[in-house]
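A short write-up of the structure that comes next.
In our numbering, the protein residues as written are 2 to 356.
Next up, the structure:
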């Protein structure tokens, strides 16, 4: 097998069915995608076609006045475009084109919610971090807010389905792309820095002065778990955080997926010696002990990407008086093979500590 195909297969393995379906990909689209890919089709092109088909169905439903149907198919399109662009690591025209269609479809779906899902832009340095805010219905007074941070490839829209669990518990849910992620990188040209926690803490500060919100939580998935842990180490306003599938030393992922150095390059816009220094210096050493907010660490023991030993170290070094470590004997990366259990556990954790 040629190296390009080996690399593509490695990327595809990071999107198993128990990640793809709970995070929004239509089950039949997943079946078609894998069938056509195994026949030799281009993964991104297949997803692009599936997305276009769902978008056409959504547009047709809108013309018929069938708004709930339109919402379903706009979100199906979002998921297809999102999954497809995973496999395009550099910021090519093709990746940007798929992501623009993703944003357009999510924007249409957002208008159909009650209340509407709100577009948020958080200023940072000379650019803006872009996000989506879902508020619960029938709010009275200040509501708690949970900030959701994605990882190296699974960005804000991947967590849309989770927002329902928070909204029905009376919590606001802010899905946002930090530096190096999603719209913030692809269109606002803001790249990840070693001290990325300073940018994410600006998001905490931004919501803290919004009169709609009370207590603040933050959840990070995969590499985003590392980013959230670093943020929890400096933030004075975070009341609770969840680290799901995170890492003490993110370089460890390269042992399992050697091409991941290219992903770190895309996140940071660094190459060569500068990139090597960036990767080597990503660590929780000297930072985990600064965490004092309520803490939940969730991880699969067999996780091949980020070790359970690493997050145990974060847990042990954190100075939080309220902290929980949940390890799953059969858990995969981010424990997506127990999706309903983990999503509800996170939502309940925040509800108990923020309301």
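Glycine residues also receive a C-beta, built at the ideal position from the N, C-alpha and C atoms.
In this model, residue 281 and residue 252 are separated by some 7 angstroms (Cα to Cα). Within the region 121-157, no run of alpha helix (DSSP H) reaches 4 residues while sitting entirely inside it. Distance check between residue 123 and each of 331, 208 and 235 places 208 closest, using alpha-carbon atoms only. In the same chain as residue 203, and ignoring 5 residues on each side of it, the C-beta atoms closer than 7 angstroms to its own belong to 123 and 125, in chain order.
Boundaries of the beta strand (DSSP E) harbouring residue 245: 241-245, taken from the DSSP string. From the listed residues 175, 224, 230 and 169, the smallest Cα separation to residue 199 is found for 230. Residue state for residue 16 is assigned as coil, using DSSP reduced to three classes. Between residue 292 and residue 319, the gap from beta carbon to beta carbon is short of 7 angstroms. In terms of CA proximity to residue 106, 57 leads the group 137, 57 and 135. Of 159, 150 and 218, the smallest CA-CA separation from residue 238 is found for 218. Here residue 294 is near residue 233, since their CB atoms are less than 7 angstroms apart. Setting aside the 5 residues that flank it on each side, residue 226 is surrounded in the same chain by 244, 245, 246 and 247, each with a C-beta closer than 6 angstroms to its C-beta; the list follows chain order. When beta bridges are read from the DSSP output, residue 221 appears opposite 150 and 244. Under the DSSP assignment, residue 96 falls in the alpha helix (DSSP H) whose first and last residues are 94-111. When only Cα atoms are considered, residue 273 and residue 342 end up about 42 angstroms apart.
Each residue's CA atom was taken as its position, placing residue 339 and residue 168 some 21 angstroms apart.
Shown here for residue 162: same chain residues with a beta carbon closer than 7 angstroms to its own, the five before and five after excluded, namely 23, 24 and 25 in chain order. Note on geometry: alpha-carbon atoms of residue 302 and residue 111 lie some 37 angstroms from one another.
Setting aside the 5 residues that flank it on each side, residue 269 is surrounded in the same chain by 181, 192, 193, 194, 276 and 279, each with a C-beta closer than 8 angstroms to its C-beta; the list follows chain order.
Taking 7 angstroms as the cut-off, the beta carbon of residue 175 is found no closer than this to the beta carbon of residue 197. Cα atoms of residue 54 and residue 261: separation of roughly 31 angstroms, rounded to the nearest angstrom. In the three-state scheme derived from DSSP, where H, G and I count as helix and E and B as strand, residue 207 is classed as helix. Beta bridge pairing from DSSP links residue 301 with 329. With respect to the C-alpha of residue 256, the residue from 236, 304 and 220 having the closest C-alpha is 304.
Per the coordinates, the alpha-carbon of residue 259 lies some 25 angstroms from the alpha-carbon of residue 40.
Around residue 88, the same chain offers 9, 12, 13, 44 and 45 as residues with beta carbons nearer than 8 angstroms, after the five sequence neighbours per side are excluded. Within the DSSP bridge table, the entry for residue 176 names 133 and 149 as partners. Residue 158 is a Cβ neighbour of residue 83, given a cutoff of 7 angstroms. Annotation for residue 335: no alpha helix (DSSP H) segment contains it, and DSSP assigns it neither H nor E. The residue among 62, 77, 48 and 119 with its C-alpha nearest the C-alpha of residue 96 is 48. Rounded to whole angstroms, residue 254 and residue 142 show a C-alpha spacing of 43 angstroms. Within the same chain, Cβ atoms closer than 7 angstroms to the Cβ of residue 20 are found at 337, the five residues on either side in sequence being excluded. Judged by DSSP secondary structure, residue 188 falls outside any alpha helix (DSSP H); it is assigned neither H nor E.
Inclusion of residue 135 and residue 164 in the CB contact set at 7 angstroms is warranted, their separation being smaller than that value. When the five nearest sequence neighbours on each side are left out, the beta carbons in the same chain lying within less than 6 angstroms of the beta carbon of residue 327 are those of 299, in order along the chain.
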